[in-house]
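Residue numbers for the sequence shown follow this note's numbering, beginning at 10 and rising by one.
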Amino acid sequence: MRPEVGPVNERLQTAIAAARAGGAILRARAADVGNVRTKSSAFDMVTEADIASGVTIVRSIASSIADARFVVEEPEVYAIAGVTHGALDDPEVWVVDPLDGTTSYIHGYPCYSVSVACLCSGQPIVGAVYNVPADEMTYASLGGGAFLDGRRLQCTSTPTIRESLVITGFPYDRTITLDKQLRVFGHLMRSVHGIRRDGSSAIDCCHVAAGRADAFWEFGLMPWDLSAGVLALTEAGAVITGLDGTEWSVGVGDVCTANPVLHSELLAAIQTGLRG
């Protein structure tokens, strides 16, 4: 059943415009990212550009959507922008990652993105992921399909993991999940065409939706990492679950996604890798 929400196309256009506005901030500041500080670990960083992008995004949304509520990765954004902190199960909430791929951004590696999604009671309704260096906008609406700059997306039909190109990422908290990830990585490397790691889970989801890769798995992701990308995936025909095979929901951060034919084999291979 489709959740009740305001006009979906209006929300979609709002998400696209906000993601593009945040991306413009990141592009303008790429040569001088400003002060860099750490958050949960030495590998979890935030820049002045993150904050500026976040403020720009939420103000853009708030200018179009009355009484908009937000869940944003960077908490400073709420006070600076003067917007309301929401909850993931709110009737309507905007989930924003103003810079997905901070490490790449700091080092000048061209793979980072802006992710904006509108959720209705935990269900992504619209989403936009702006791949800033590539100037590519992937967007989706519930029941309306997924698109890359106007081209409708469809995931691959690759039938086996032996023929597949798979994407993954590595966790910020390397004390908890890194050993698990390395076990899975080692097991899959013997089974697939190749594994890629670019450092933006939102872009990774979009690559699978666009058929550029067959599958993606990762541990420890957050709602702002996934909400927009998951909608692109499912609207492009892909399946996404938790790594235990349970249905994905907004609180699930250990994920596996692939086309419907490939998903069960990939999930089984990941679980075999976890067992060592």
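For glycine and all other residues, C-beta sits at the position ideal for the given N, C-alpha and C. These figures come from a predicted structure and were not determined experimentally.
- Of the residues S72, G110, E85 and V67, the one whose Cα lies closest to the Cα of D234 is G110.
- In the DSSP assignment, the residues bridged to D106 are S124.
- Here C164 carries a coil assignment [DSSP, helix/strand/coil].
- Look at I204 here: in three-state DSSP terms it is strand.
- For the pair A218 and D106, the Cα-to-Cα distance works out to about 19 Å.
- Taking H272 as the centre and dropping the five residues before and after it, the same chain places the C-beta of V248 closer than 6 Å to its C-beta, in chain order.
- Residue burial annotation: N18 is exposed, with fewer than 16 other C-beta atoms found within 10 angstroms of its C-beta.
- According to DSSP, R78 shares a beta bridge with T93.
- For T177, the enclosing beta strand (DSSP E) has its first and last residue at L174 to T177.
- Around the CB of E227, 16 or more other CB atoms lie within 10 Å, so the residue is classed as buried.
- Contact between C215 and V135 fails: their C-beta atoms lie close to 15 Å from each other, not under 8 Å.
- When the beta-carbon positions are compared, G251 and D213 stay at least 8 Å from each other.
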